[in-house]
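Report on one structure; see the data block that follows.
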Amino acid sequence: MDDSPLGGSRVPFASPLRKVVEAVGDAVLSVGRRIAGMVRFTGEMTVVLRETGRWIGRSLLRPGLRFRRDALAAQMVRVGVRSIGIVVLVQVFIGIILVLQLAPTLENYGQIEQVATVVAIATVRELGPLITAIVLSGFAGASIAAEIGAMKETEELKALRAHALNPYHFLIMPRFLATVIMMGGLAVIADVVGVFGGFMTSWLVLDIPPLTYLDITQAALDHTDYLTGLFKAGVFGMLIALIACCEGLNVTGGAEGVGLATTSTVVKSIVALIGVDAMFTAVFYVFGI
Amino acid sequence: MESDVVISVQEVVKTFPRADGTPARVLDGVTFDVHRGETIVVMGGSGCGKSTLLNCLIGELPVDGGRILYHAARMPSSRDISGMSESELNELRKHFGILFQSGALFNSMSVADNIALPIREHSSVPARLIETIVTLKLEQVRMLEHREKMPAQLSGGQKKRVGLARATALDPEILFYDEPSAGLDPVTSAAIDELIMDLSRKLLVTSVVVTHEMDSAFRIADRMVMLDRGRVLKIGSRAEFEILRDAPPDSLARHEEKLMNQFLNGYGRGPLTDATGTSEFERLITAG
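In structure tokens, the structure reads:
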């Protein structure tokens, strides 16, 4: 309470209008902070991408500089090979769900066989890369963020620099390349398995002849469908790796910080993946790709 | 720069932003020289700037003012670390080794691989010879029987020994130690100190040790630097600091001497502590 110029005490003014103004002000401030945080994080991702690109170029072009094939292979196994099982499982379910959800509607139009077209296009162009990326963000992205974050907290990153070893060359580059490469590979597996899930469900539940299903699938897809799916998969892989590495490099506050980084990696990755996917889909639609 | 000076720290200033945005001077005109072959101990309470100084010395943090000149024997001329590019800094880093407070071993690698890594990355030494060097380095720190273990299987003291072996893998001219005996029991701490002295003698390295463990500091130091609130309070030989430590507090006239006497002896009462028993260091840290 402040002293009033008239003597006595002045009661702080807390009208409902003031509360509303304060709440709106807090909300605007919070949105502003979030936008600033997003801009800052995007900037950090750009720096990580630039540095990683520089080290990939150096490793390929500069004689005597190791490409770190062993580390790349180890990361490919960790990121990709170990994710195959879960990607297969999820993608089979997606194929089954698509067929069973679409069947009644298509049956009404007497086009039940066209379920193969929908499954093929939805899986190869969209759900194969997207669902695989979402699985990978939880499986590999979180693990990369936790690993790099823990290394930062235990001074391993500092130790690398102290031994004249660049963390981008030593840690980020193999993880980035492994995620991008394996994302492409996993998307191909996801496409095949998703179509297979749809194929089996159509055959066993809807009694669509297998050869008919395969013929329709083949007719529904052309090379642009495969290429747009693969292109998206590569970009998704880059996004997951960049977000995970940035989160890992930004870790502060010990074990709690590592935990927050892993959660944040998954959340940011999913939002970024769906946002970028929507953007790509819109661009492909406009240009008729 | 005198010919036997390996590192010359000249008027180094480092600031960090406080919570309110104003700059806090963590290092405020720090000046001292490190001579070839000596072991110099930088000491001071928590928050006095010694870890920041170490980070500036190894090029982990850029300085905001002053210079840090290096003149290693294998370098053609003295160079200011603040003006170095990334590749120049990496070249300089090959001249020194660092033992981190936690050991900072690479957890995904075995003990042997931790030591082999810098050699493998920075030389064209054949794999067989690398094995021999690793064996030699592990023998020096008496950890040979643990060569295939992973860091998670080692105790704190063992991690520091392996960290020390890794720090010496490239036969550096300068060794930096960040709190080498922190978190260790007195016996292990003494063993690490002996190892540091042993390596200094055998490898003829220049050592810069940052610590607030006084027993350890007095065991290993040739010279000592006392920091207080980012400033050098005193630079002197170990003998000079021993005289200061052993003097009765009442016999000391200057405030700085009383302050150092309290710190060196670890007294709970004195100019560093207020009536509530809170030390000046704690007050500085809680004040941000």
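These protein sequences, in sequence, are chains A and H.
One gets this note's numbering by counting positions in the first sequence from 1 and adding 1 to each.
One gets this note's numbering by counting positions in the second sequence from 1 and adding 1006 to each.
Here a beta-carbon is modelled for each residue, glycine too, at the ideal position from N, C-alpha and C.
Model, not experiment: these values are computed from the prediction.
How close, in whole Å, do the beta carbons of residue i and residue j come, if the pair is a contact with beta carbons under 8 Å?
i	j	result
GLY1103 of chain H	ALA1197 of chain H	The pair is not a contact, with the Cβ atoms about 19 Å apart (cut-off 8 Å).
LEU172 of chain A	VAL49 of chain A	Actually they are not in contact, since the Cβ atoms of LEU172 of chain A and VAL49 of chain A sit about 11 Å apart, beyond 8 Å.
GLU1185 of chain H	THR1212 of chain H	Actually they do not touch by this definition, with Cβ atoms about 19 Å apart.
VAL80 of chain A	ALA141 of chain A	4 Å
MET1232 of chain H	MET1049 of chain H	6 Å
HIS164 of chain A	ARG1099 of chain H	7 Å
ILE122 of chain A	ASP226 of chain A	7 Å
LEU62 of chain A	PHE68 of chain A	Their Cβ separation, rounded to whole angstroms, is 10 Å, which puts LEU62 of chain A and PHE68 of chain A out of contact at 8 Å.
GLY1225 of chain H	ASP1252 of chain H	The question names Gly, yet the displayed sequence has Arg at residue 1225 of chain H. Contact flag wrong, Cβ pair sits at about 16 Å.
So, using beta-carbon positions, are residue i and residue j closer together than 8 Å?
i	j	result
VAL1238 of chain H	THR1021 of chain H	no
ALA245 of chain A	THR266 of chain A	yes
GLY195 of chain A	GLN92 of chain A	yes
VAL1040 of chain H	THR1058 of chain H	no
PHE177 of chain A	THR229 of chain A	no
GLY1072 of chain H	VAL1011 of chain H	no
GLY1162 of chain H	LEU1201 of chain H	no
ALA234 of chain A	ALA188 of chain A	yes
LEU1176 of chain H	PRO1124 of chain H	yes
ALA191 of chain A	GLY129 of chain A	yes
VAL1069 of chain H	SER1052 of chain H	no
THR263 of chain A	ALA179 of chain A	no
ARG1207 of chain H	MET1230 of chain H	no
LEU1270 of chain H	PHE1247 of chain H	yes
LYS159 of chain A	GLU1066 of chain H	yes
GLU127 of chain A	ILE209 of chain A	no
GLY150 of chain A	VAL259 of chain A	yes
Nearest CA to the CA of residue i: which residue from the options?
i	options	result
THR1045 of chain H	H:SER1222, H:ALA1227 and H:ILE1074	H:ALA1227
SER1014 of chain H	H:ARG1260, H:LYS1165, H:LEU1063 and H:ALA1259	H:LEU1063
SER1222 of chain H	H:SER1243, H:LYS1208, H:ARG1207 and H:PRO1192	H:PRO1192
ALA134 of chain A	A:VAL29, A:VAL181 and A:GLY249	A:VAL181
SER1297 of chain H	H:LYS1208, H:MET1220, H:GLN1159 and H:HIS1261	The structure shown does not extend to residue 1297 of chain H, since chain H is modelled only from 1007 to 1294, so the question has no answer here.
LEU66 of chain A	A:PHE197, A:LEU166, A:GLY254 and A:GLU45	A:LEU166
LEU1181 of chain H	H:ASP1086, H:GLY1276, H:PHE1106 and H:ASP1070	H:PHE1106
MET184 of chain A	A:ALA147, A:PHE232 and A:ALA160	A:PHE232
GLU148 of chain A	A:LEU250, A:GLY26 and A:LYS20	A:LEU250
LEU101 of chain A	A:LEU207, A:THR263, A:LEU131 and A:PRO64	A:LEU207
TYR214 of chain A	A:ALA24, A:PHE197 and A:VAL29	A:PHE197
ILE145 of chain A	A:LEU205, A:ARG59, A:GLY238 and A:HIS224	A:GLY238
LEU222 of chain A	A:THR124, A:LEU131 and A:ALA256	A:THR124
LEU1142 of chain H	H:ILE1121, H:LEU1160 and H:HIS1128	H:ILE1121
LEU205 of chain A	A:ILE97, A:ASP27 and A:ALA160	A:ILE97
HIS1101 of chain H	H:HIS1077, H:THR1194 and H:SER1108	H:HIS1077
VAL1214 of chain H	H:PHE1224, H:TYR1183, H:PRO1178 and H:LEU1205	H:TYR1183
So that I know if they touch, is there some Cβ in chain H lying closer than 8 Å to that of residue i?
i	result
HIS164 of chain A	yes
LYS159 of chain A	yes
GLU127 of chain A	no
THR155 of chain A	yes
ASP4 of chain A	Because ASP4 of chain A carries a pLDDT of 48, less than 50, the predicted location of this residue cannot be relied on, and no value is offered for it.
Examine chain A for any beta-carbon lying closer than 8 Å to the beta-carbon of residue i, and answer yes or no.
i	result
HIS1077 of chain H	no
GLU1066 of chain H	yes
ALA1110 of chain H	yes
ILE1104 of chain H	yes
ASP1010 of chain H	no
LYS1240 of chain H	no
PRO1124 of chain H	yes
HIS1128 of chain H	yes
ASN1267 of chain H	no
ARG1153 of chain H	no
LYS1056 of chain H	no
ARG1099 of chain H	yes
GLN1016 of chain H	no
ASN1096 of chain H	yes
GLY1294 of chain H	The pLDDT assigned to GLY1294 of chain H is 48, lower than 50, so where the model puts this residue is not dependable; a value taken from the coordinates is nonetheless given after this. Chain A contact via Cβ: absent.
Report yes if the C-beta of residue i is less than 7 Å from at least one heavy atom of the ligand ZN; otherwise report no.
i	result
HIS1152 of chain H	No copy of the ligand ZN appears in this structure; indeed no ligand is present at all.
message: Taking 8 Å as the cut-off, does the stretch 170-185 of chain A touch the stretch 113-123 of chain A (at least 3 CB pairs, one atom from each stretch)?
response: no
- prompt: Is the stretch 1122-1139 of chain H in contact with the stretch 197-212 of chain A, if contact means three or more CB pairs nearer than 8 Å?
  reply: no
- prompt: Can we say the stretch 1108-1115 of chain H touches the stretch 148-166 of chain A, given the rule of at least three CB pairs closer than 8 Å?
  reply: yes
message: Would you call the stretch 1158-1175 of chain H in contact with the stretch 1142-1149 of chain H, where contact means no fewer than 3 C-beta pairs closer than 8 Å?
response: yes
query: Is the stretch 1117-1132 of chain H in contact with the stretch 1155-1164 of chain H, if contact means three or more CB pairs nearer than 8 Å?
result: yes
task: Say whether the stretch 1262-1271 of chain H touches the stretch 1239-1251 of chain H, bearing in mind that this needs 3 or more beta-carbon pairs closer than 8 Å, one atom from each stretch.
output: yes
query: Given 8 Å as the limit, is there contact between the stretch 267-274 of chain A and the stretch 131-146 of chain A, that is, 3 or more CB pairs closer than that?
result: yes
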